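Protein chains in written order, with the numbering used here: chain X, 23 to 425; chain D, 1185 to 1479; chain H, 101 to 420.
Positions of the beta carbon are idealized from the N, C-alpha and C atoms, including for glycine.
Just so you know, these numbers come straight off a predicted model, no measurement behind them.
Notes follow the structure.
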Amino acid sequence: MKRLFTLTAVAVVFGCGCAQAQYTDGTIKIGVMNDMSGTYADLSGQGSVIAARMAVEDFGAAAKGMKVEIVGADHQNKPDVGSNVVRTWIDVDKVDVIVDVPTSSVALAVNEIVRDKNKVFLVSGAAASDLTGPKCTPNTIHWTYDTWALANGTGKAIVKTGGDTWFFLTADYAFGHALERDTAAVVEKNGGKVLGKVRHPFPGTDFSSFLLQAQASKAKIIGLANAGSDTINSIKQASEFGITSGGQNLAALLAFITDVHALGLQTAQGLIMTEAWYWDLNDANREFTKKFAPQDKGVHPTMVHAGVYSAVTHYLKAVEALKSDADGKAVVAKMKEMPTDDKLFGKGVVRADGRKIHPMYLFEVKKPSESKAPWDYYKLRATIPADEAFRPLAEGGCPLVKS
Amino acid sequence: MFELFGISSQALFGQLLIGLINGSFYALLSLGLAVIFGMLNIINFSHGAQYMLGAFTAYFLLQYAGLGYWWAIFLAPIVVGITGIIIERLFLQWLYKLDHLYGLLLTFGLALIFEGTFRNFFGSSGLPYSVPPALQGGRNLGFMFLPNYRGWVVVFSLAVCLTTWFVIERTKLGSYLRAATENPTLVRAFGINVPRMITLTYGFGVALAALAGVMAAPIYNVSPQMGANLIIVVFAVVVIGGMGSIMGAIVTGFGLGLIEGLTKVFFPEASNTVIFIIMAIVLLIRPAGLFGRSA
Amino acid sequence: MQRVAKARGDLALRRHSEAIAFLVMTGLLVVAPTFAYPVFLMKALCFALFACAFNLLIGFVGLLSFGHALFFGWASYIAAHAAKVWGFPPELAILSGAATAAGLGAIVGALAIRRQGIYFAMITLALAQMMYFFAVQAPFTHGEDGIQAVPRGKLFGFIDLADQSNMYIMVLVIFLGCFLLIYRIINSPFGEVLKAIRENEPRAISLGYKSERYKLVAFVLSATFAGVAGATKALVFQLASLTDVDWPMSGEVILMTLVGGLGTLFGPVAGAFFMVTLENYLTTIGQWVFVVQGVIFVVCVLLFRRGIIGELAQVLRVKL
């Protein structure tokens, strides 16, 4: 087993070993675990390992005398595989921090283990807002986005720009229901109206019949409270049935740039969505992308990849300041105490409940004629300032906040 | 205009038509399964993967050879059919003497290999493929907006299904096929190359799956896992229809599409499960399926 | 003289091969935690029991169920729910999981045994898929999140299962107990009838055995053992999720049994350990996991139909 996991070392950055810092077994071990073979492989996958490696290089760990090692694993979207990997990583391979972990069932399982073992968990890929709500722990930081932020960003900004009547197309399971509930609340709070909803089975393939019901509602906005291939197929079929050209707009409540890439602009044009990061937003992002894309089969970084970069950078800073990675709670406390600052997300903070705070962006997908280069997909419609982007601290129900 | 349970007749017609479109895919896929099962006695678990291969072949033809939809609908079934023939020669032919279950397991393994390989090379989010220019747009039927392409899917798959039925049930070639299923030794005695016929039949069944894949490419997302969940529904369709007849597969395919369409209006939460519930009921009343001869 | 004695020794060895193999297996499992990671071992044991349950059906009745994830997954949901929400102690949580699996087994079995062979496989697959959709929608399963942070509790009120070694001992005892029970079933008169049905069903019927009833009982038994495995797994990992009810899980248990050896007593155990170890390796190479599983399927079906234990038994010329 031991040999097995040493094989997993993706990158080893050797230090001179001359510093007096106390690191468990001499190295800081970062475990990047996500879906490398399934549905989320494009938006997280190998790209997250690349992003983590870039963060370590840019931090200059070697020059600072820190020995950092990155290991990667595929949880295959199975919580039991994920917990087994994480337990072995922590107990046998002395991994100090777990990063990324899309798929909420796996992320929630890892959340428990990391708390029990007092290590650090930096979530970038998972969406569940419970991670900073009822299930928050002193060892977890939720970095990039969550369902609340997506619902809030998309709902509020669209209502404010005139999209005040909504119809929801909801995946019929806990995740879809939550997304629909959160968005509907935001829409109504801002003076919009929800005209109706239809719940489609998960996973589905044909959405035309639900889309016709949405069309008949005459709502200005059709909110897609689903994810992955369900979202892709809904959008594709909406364009086929002339729903978008008929004046109704689609709002995807959880979509990534890789989904837009899969759809092609012809189909995806006009789609509105919220993201935490976009590669073409500024020079620093473009420069990062130029280095990243060739390593990941040309795929441009998603917000999840950028989140991994930013989270690892901040973690290393905290460990450097503490000169120790042994006590997970202490490291996370330090991370909350220090303001965050990196080239991709700029300045920000980590809140007491473990929520990383930064602005969110509302994007509209470009028309094919507006796109000038491959992956040139978004135009910015609105920026949601950091203090409005995430769920207010008091409303999450995180036990850490009360004490 | 009348109303039924609070749903206007307009909406109802629209939903029925959509049900028919989905039924076309069920019919094409269960037809391919039925043909293969009839000759080889193998349940082709890789049928879903071969459907996916058809869609991907269409994508490749467009991307790398500049050949559009109309070429794809002709070439992709041939290409995938040939891979089917290779599979039959390499693997399946060694299994005929064994329990039928081994055929199921082998094709299940093949499906995993195909889907895994495509996932590695093309990711999991899928690839875009657009409706051919000649079929873009749609027409207003008064009760709904029907995209031209969907209309084409119904018409074309119905034509393919009926042709297949005609060839197998009403021509000389078909009678050889049916005879070879009943008694291969005797048919061989008449000087007919039965093994070759079996190989070609498998190729044909696979080609039907690929055809369905090409037709699905502009509607659904071309992705490695597009066939994985569909295949289970098609299995249920096959169990309901019974394996005995080609017509059974066609009629059940379209019929279940319609029923599923209605469920999506009246009780959308159950639209994923309705086919399985029907299957359970049919099994209680007619264990051999609606059109099947008892095994 | 010597040769006779040796032959006699061989014969004794052969007659007791199963007992010897059982002792070896038990011995290995008892010392295993000293060199392997306990959670990994417990996972492998749960899957080994699951595969044994599945093998009871395919190996000794000749029925290929493609829907065993249904029993495994639903039992783990019910056990997790019972332990977490109803506050059941672990032994009752596992029992309620097993009882659920038995009930589902009776319903699915009654429908499925109306057809044989591949139809049976397709029907079990379809029914399992239907129950998967229920699991996705039902509020108590928490959809994609799964039931998390399930307490392991105290066995019989005083053995604290939060302790890793206590937990391991309990899982081992459950596994060995069920394994012996399955062995007992296979070698009982009931088991002989099952084998007769497998070999030639019409003849068994003509001898006056109500084959449908025998098959149904075997199906329910198999479902129940699968349920015990699923419920135990929920306590080991302290979670229950959709992966365990989804159909790839049904495929995996088939693969485990096939790799180990269909219809052998120890095959499923060897197969489960092989596949779980492999899955661990595959977490590091990620992308190829499906391809590797597919290749194993193909190779096993074409060249290696007896499986690991089946081939071993062939070489040693003993029954395993």
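Can you pull the chain X neighbours of residue i, defined as C-beta to C-beta under 7 Å?
{"i": "residue 1419 of chain D", "result": "None at all; the shortest Cβ gap to chain X is about 15 Å."}
{"i": "residue 1198 of chain D", "result": "234"}
{"i": "residue 1253 of chain D", "result": "Chain X residues near residue 1253 of chain D: none, gap ~14 Å exceeds 7 Å."}
Please state the DSSP three-state secondary structure of residue i.
{"i": "residue 96 of chain X", "result": "strand"}
{"i": "residue 361 of chain X", "result": "coil"}
{"i": "residue 259 of chain H", "result": "strand"}
{"i": "residue 168 of chain H", "result": "coil"}
{"i": "residue 183 of chain X", "result": "coil"}
{"i": "residue 1226 of chain D", "result": "coil"}
{"i": "residue 1430 of chain D", "result": "helix"}
{"i": "residue 346 of chain X", "result": "strand"}
{"i": "residue 1231 of chain D", "result": "helix"}
{"i": "residue 265 of chain X", "result": "coil"}
{"i": "residue 247 of chain H", "result": "strand"}
{"i": "residue 193 of chain X", "result": "strand"}
{"i": "residue 218 of chain X", "result": "strand"}
{"i": "residue 88 of chain X", "result": "coil"}
Could you pull the start and end residues of the beta strand (DSSP E) that residue i belongs to?
{"i": "residue 204 of chain X", "result": "Not the beta strand (DSSP E): residue 204 of chain X falls in the alpha helix (DSSP H), residues 196-211."}
{"i": "residue 122 of chain X", "result": "119-122"}
{"i": "residue 1281 of chain D", "result": "Counting along the chain, residue 1281 of chain D falls outside any beta strand (DSSP E), and DSSP gives it neither H nor E."}
{"i": "residue 1456 of chain D", "result": "Per DSSP, residue 1456 of chain D belongs to no beta strand (DSSP E) and is neither H nor E."}
{"i": "residue 1324 of chain D", "result": "1322-1324"}
{"i": "residue 368 of chain X", "result": "368-372"}
{"i": "residue 385 of chain X", "result": "382-387"}
Among the residues of its own chain, which have a CB less than 8 Å from the CB of residue i, if the five just before and after it don't count?
{"i": "residue 388 of chain H", "result": "382"}
{"i": "residue 1149 of chain D", "result": "The requested residue 1149 of chain D is not part of the displayed model; chain D covers only 1185 to 1479."}
Is residue i near the ligand HEM, going by C-beta to nearest heavy atom under 8 Å?
{"i": "residue 263 of chain X", "result": "You won't find the ligand HEM in this model; it holds no ligand whatsoever."}
Under 7 Å between beta-carbons, which chain H residues line up against residue i? List them in chain order, please.
{"i": "residue 1299 of chain D", "result": "390"}
{"i": "residue 1452 of chain D", "result": "By Cβ distance, chain H contributes nothing, its closest Cβ being about 11 Å from residue 1452 of chain D, past 7 Å."}
Give me the chain X residues within the contact set of residue i, using Cβ-Cβ distance strictly less than 8 Å, ordered along the chain.
{"i": "residue 1414 of chain D", "result": "227"}
In the DSSP assignment, find the alpha helix (DSSP H) that holds residue i and state where it starts and stops.
{"i": "residue 83 of chain X", "result": "Premise fails: residue 83 of chain X is in no alpha helix (DSSP H) and is neither H nor E."}
{"i": "residue 404 of chain X", "result": "Note, residue 404 of chain X: premise wrong, no alpha helix (DSSP H); beta strand (DSSP E) at 400-406."}
{"i": "residue 1385 of chain D", "result": "1378-1400"}
{"i": "residue 1329 of chain D", "result": "Looking at the DSSP string, residue 1329 of chain D is not in any alpha helix (DSSP H); the run it does join, the beta strand (DSSP E), is 1329-1331."}
{"i": "residue 253 of chain X", "result": "250-262"}
Ordered along the chain, which non-local residues of its own chain (more than five positions away) have a Cβ less than 6 Å from that of residue i?
{"i": "residue 325 of chain H", "result": "153, 278"}
{"i": "residue 34 of chain X", "result": "Its pLDDT being 37, under 50, residue 34 of chain X is placed unreliably by the model, and the measurement read from it follows with that caveat. Hits under 6 Å: 91."}
{"i": "residue 196 of chain H", "result": "178, 182"}
Determine the chain H residues that contact residue i at a beta-carbon separation under 8 Å, and present them in chain order.
{"i": "residue 195 of chain X", "result": "236, 237, 243, 244"}
Kindly list the residues whose CB is nearer than 7 Å to the CB of residue i, restricted to its own chain and excluding five residues on each side of it in sequence; keep chain order.
{"i": "residue 169 of chain H", "result": "228, 344, 345, 346, 347, 349, 350"}
{"i": "residue 177 of chain H", "result": "235, 241, 247, 340"}
{"i": "residue 1329 of chain D", "result": "1322"}
{"i": "residue 1444 of chain D", "result": "1203, 1206, 1455, 1458, 1459"}
{"i": "residue 1404 of chain D", "result": "1410"}
{"i": "residue 40 of chain X", "result": "Here residue 40 of chain X scores only 38 on pLDDT, less than 50, and its place in the model should not be relied on; the value that follows carries that caveat. 87."}
At a CB-CB cut-off below 9 Å, which residues of chain X make contact with residue i?
{"i": "residue 137 of chain H", "result": "23, 106, 109, 110, 113, 114"}
What does residue i reach in chain D if we use C-beta pairs closer than 7 Å?
{"i": "residue 347 of chain H", "result": "1416"}
{"i": "residue 289 of chain X", "result": "1312"}
I want to verify the contact list: residues of chain D whose CB lies under 8 Å from the CB of residue i, in sequence order.
{"i": "residue 410 of chain H", "result": "Neighbours of residue 410 of chain H on chain D: none; closest Cβ ~14 Å, over 8 Å."}
{"i": "residue 281 of chain H", "result": "Those do not exist, as residue 281 of chain H stays about 26 Å from chain D at its closest Cβ, beyond 8 Å."}
{"i": "residue 263 of chain X", "result": "1322, 1329, 1331"}
Which chain B residues sit within Cβ distance under 7 Å of residue i?
{"i": "residue 379 of chain H", "result": "The chain inventory of the structure shown lacks chain B, comprising the protein chains X, D and H."}
Anything in chain D within Cβ reach of residue i, meaning under 9 Å, just list it in chain order.
{"i": "residue 59 of chain X", "result": "1300, 1303, 1304, 1308"}
Against chain H, which members of the stretch 1227-1241 of chain D pass a CB distance test of less than 7 Å? Close to chain H, meaning a Cβ-Cβ distance shorter than 7 Å, are the following residues of the stretch 1227-1241 of chain D: 1227.
Taking a Cβ distance cut-off of 9 Å, strictly less, list which residues of the stretch 227-251 of chain X are near chain D, in chain order. The residues in question are 227, 228, 230, 231, 232, 234, 235, 237, 238, 250, 251.
Of all the residues that make up the stretch 1305-1316 of chain D, which are near chain X by a beta-carbon distance shorter than 8 Å? Those residues of the stretch 1305-1316 of chain D placed with their C-beta closer than 8 Å to a C-beta in chain X are 1307, 1308, 1309, 1310, 1311, 1312, 1314, 1315, ordered along the chain.
Positions along the stretch 1327-1361 of chain D whose CB lies within less than 8 Å of some CB in chain X: Going along the stretch 1327-1361 of chain D in chain order, one finds 1328, 1329, 1331, 1333, 1334 with a Cβ nearer than 8 Å to chain X.
Mind checking the stretch 210-226 of chain H against chain D and listing, in chain order, the residues whose C-beta falls within less than 7 Å of any C-beta there? Listed by position along the chain: 211, 214, 215, 216, 217, 218, 219, 221, 222, 223, 225, 226.
Could you run through the stretch 137-166 of chain H and flag, in chain order, every residue whose CB is less than 7 Å away from some CB of chain X? Of all residues in the stretch 137-166 of chain H, 137, 139, 140, 143 have a Cβ within less than 7 Å of some Cβ in chain X.
Within 7 Å of chain D by C-beta, residues of the stretch 141-172 of chain X in sequence order: Cβ contacts with chain D come from no residue of the stretch 141-172 of chain X.
Compile a chain-ordered list of the residues in the stretch 270-284 of chain X whose CB is closer than 9 Å to at least one CB of chain D. Within the stretch 270-284 of chain X, the residues whose Cβ lies closer than 9 Å to some Cβ of chain D are 278, 280, 281, 283, 284, listed in chain order.
Between the stretch 326-342 of chain H and chain X, which residues of the former have CB atoms less than 8 Å from a CB of the latter, in chain order? The residues in question are 333, 337, 338, 339, 341, 342.
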